[in-house]
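In this note's numbering, the protein residues as written are 5 to 112.
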């Protein structure tokens, strides 16, 4: 978990100090994904994450750069969300929805 915080902090510093780089990287993601998954792009664009400047790499990592490296994209789970949303995660973890989610993920 400490490693992920370091990555999030590092990405945040880069985005703060070099917003043009973050913006350019985001445009690469959006440009490709607008073609292959336009619904996901539209959902992100209307989300609070987008409005607050949370870029794709914060949740999905920065190893996926093209279709050939799609397998390197991090698929975020509740633990990735917990890095920024600790209170909400703790509430979720104690609730019945987490039990259902855990059960669903345990299926082969």
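From the three backbone atoms N, C-alpha and C, an ideal C-beta is built for every residue, glycine too. Just so we're clear, the structure is a prediction, and the values are computed from it rather than from any experiment.
Where residue i sits in the DSSP three-state scheme
i	result
residue 112	coil
residue 58	coil
residue 63	helix
residue 104	helix
Per-residue burial, residue i [other beta carbons within 10 Å of its own, 16 or more giving buried]
i	result
residue 32	exposed
Terminal residues of the alpha helix (DSSP H) in which residue i lies
i	result
residue 75	Premise fails: residue 75 is in no alpha helix (DSSP H) and is neither H nor E.
residue 47	42-49
Contact check, residue i vs residue j, beta carbons under 8 Å
i	j	result
residue 60	residue 80	no
residue 78	residue 65	yes
Integer-rounded CB distance, given that residue j should sit under 8 Å from residue i
i	j	result
residue 83	residue 76	With a Cβ gap of about 18 Å, residue 83 and residue 76 do not count as contacting.
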